[in-house]
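First comes the structure, then the notes that go with it.
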Amino acid sequence: MENQEPKGLPSSTAADSPKTTLDTTTLEIAKLGYEAAIQLWMGETQNRMSEYNAMLVANSLILAAVGFSYQITNFYPPVKYFLPIVGLAICLVWYMSGKRAVEQAIFHIYFARELEGKYFSGVFKHLHNGHLFGRGQPIEFILEGKPRIRRMKFWGRLVKRQVFFNFIILIFAIMYIAVLVIEII
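Basically our numbering = 1-based index in the sequence shown + 1245.
Given below as structure tokens:
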């Protein structure tokens, strides 16, 4: 009875330790989840760019083969139909895999943003601010103790990367369709 604390006062015994440990553990898990989401996002982006480059090379080679086929007078005619069809199929796969990669990246970004907002909003808001920056809203940075405001310029946000990628795919598809139309007529 002598060691009892008065009622209504906070206890400083080991009973508080698990709560503090839980908060620290939760924060550490959130930090690991955030880092994993960022790394997965970066990996998806790198894979997307590698895939984009591979598809660009594949389509360029097919178009070169189509052009080469017009230089040879006795070129096997079905190949002239086959190459553009293969090119169109590659364009379709390229487009669909690009859409999937974007959705995967968005998933990782949203997961990281959720953790950022829930656990780290008082510390940093990098992804949240990056989203606002991409929409042209001003973002304040403190550099060398002085506030600096940055905003993405109009030309920087005019065309999103995925729109540009889809435009390139569309150009290749139009060229393949044009070759097929020329061969059919």
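C-beta: ideal position from N, C-alpha, C; glycine also.
Bear in mind that the values here come from a model prediction, so they are computed numbers and not experimental data.
Which word fits L1272, buried or exposed, when buried means at least 16 other C-beta atoms lie within 10 angstroms of its C-beta? L1272 comes out exposed.
Enumerate in chain order the residues of its own chain whose CB-to-CB distance from W1286 is below 8 Å, with the five nearest sequence positions on each side excluded. The residues A1350, H1353, I1354 and A1357, in chain order, have a CB closer than 8 Å to that of W1286 in the same chain once the five nearest residues on each side in sequence are set aside.
DSSP three-state assignment for P1383, whether helix, strand or coil: DSSP places P1383 in coil when its eight states are reduced to three.
In three-state terms, what does DSSP make of I1427? DSSP places I1427 within a helical segment (H, G or I) once states are collapsed to three.
Taking the straight line between their C-alpha atoms, what separation do you get for M1341 and P1392? For M1341 and P1392, the distance between alpha carbons rounds to 43 Å.
On the CB-based measure, 16 or more other CB atoms within 10 Å of its CB, does P1322 come out buried or exposed? Answer is exposed; the Cβ neighbour count stays below 16.
How would you call E1280, buried or exposed, if buried means at least 16 neighbouring beta carbons within 10 angstroms? Answer is exposed; the Cβ neighbour count stays below 16.
Report buried or exposed for N1298, applying the criterion of at least 16 other Cβ atoms within 10 angstroms of its Cβ. Classification for N1298: exposed.
Nearest-angstrom Cα distance between Y1308 and G1367? For the sequence presented, residue 1308 should be read as Leu rather than Tyr. Between the alpha carbons of L1308 and G1367 lies a gap of roughly 53 Å.
Go to K1391, then tell me how far its beta strand (DSSP E) extends in each direction, as first and last residue. It spans K1391 to R1395 - the beta strand (DSSP E) in which K1391 sits, taken as one unbroken run.
Nearest-angstrom Cα separation, counted from A1418 out to C1336: Our two residues, C1336 and A1418, have alpha carbons roughly 6 Å apart in a direct line.
By the 10 Å Cβ neighbour count, where 16 or more other Cβ atoms means buried, how is L1333 classified, buried or exposed? Counting of Cβ neighbours within 10 angstroms places L1333 among the buried residues, the total reaching 16 or more.
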